[in-house]
Amino acid sequence: MRVTLKVAVDEQGGWAVLRVSGEMDLVTSPVLRQRVHDAVADGRRSLVLDLSEVLFCDSSGVGVLIATRRLFRSCQGRLRLILPAHGAEDGSHVNRVLAALGVRRLFEVFPDVTAAVDDGAAPLSA
């Protein structure tokens, strides 16, 4: 069975929340890239990418995350990622991939949506 990528769009406290599930690879990553661009086109400048249901992420998925970071920096926006809270110990797949590539520190990472949309919450350490 082919696992695909699903992106559900939500809004919480002025933040656009994209809940991503499935696999982020060469075939599916353009779906996420388009959703991010749609959010920016709609005037969104605060974005949470919930990656807690992502089962697999290859370099093209990481490329989308880095391009998203660049896009939000260029428009003075705010980008936050959600990797599962247990990711620090045994590591969510995305957390491990970002850490292995040395780019995990580029992102503000939170354990869940509640923390990510709370302006007073501190991100998890890299």
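Numbered continuously in this note's numbering, the sequence shown closes out at residue 126.
Note that beta-carbon positions come from the ideal geometry of N, C-alpha and C, so glycine has one too.
Since the structure is predicted, the reported quantities are computational estimates derived from the model, not experimental observations.
- Our two residues, residue 44 and residue 100, have alpha carbons roughly 30 Å apart in a direct line.
- Distance between residue 41 and residue 75, taken at the CA atoms: about 11 Å.
- As summarised for the segment 47-88, the continuous beta strand (DSSP E) elements at least 3 residues long and confined to that stretch are 78-82, given in chain order.
- About 14 Å separates the Cβ atoms of residue 83 and residue 69, ruling out a contact at the 8 Å cut-off.
- In the three-state reduction of the DSSP assignment, residue 16 falls in the strand class.
- Rounded to whole angstroms, the Cβ separation of residue 81 and residue 32 is 12 Å, and the two are not in contact under 8 Å.
- Separation of residue 17 and residue 119 (C-alpha to C-alpha, rounded to the nearest whole angstrom) is 15 Å.
- For residue 121 against residue 110, the beta-carbon gap comes to about 7 Å, under 8 Å, which counts as contact.
- Note: residue 21 is bridge-paired with 6 and 53 in the DSSP secondary-structure output.
- By the 16-neighbour rule on beta-carbons within 10 angstroms, residue 114 is exposed.
- The straight-line gap separating the alpha-carbon atoms of residue 8 and residue 19 is approximately 5 Å.
- Ranked by how close their Cα comes to the Cα of residue 71, the residues 28, 4, 38 and 56 have 38 in first place.
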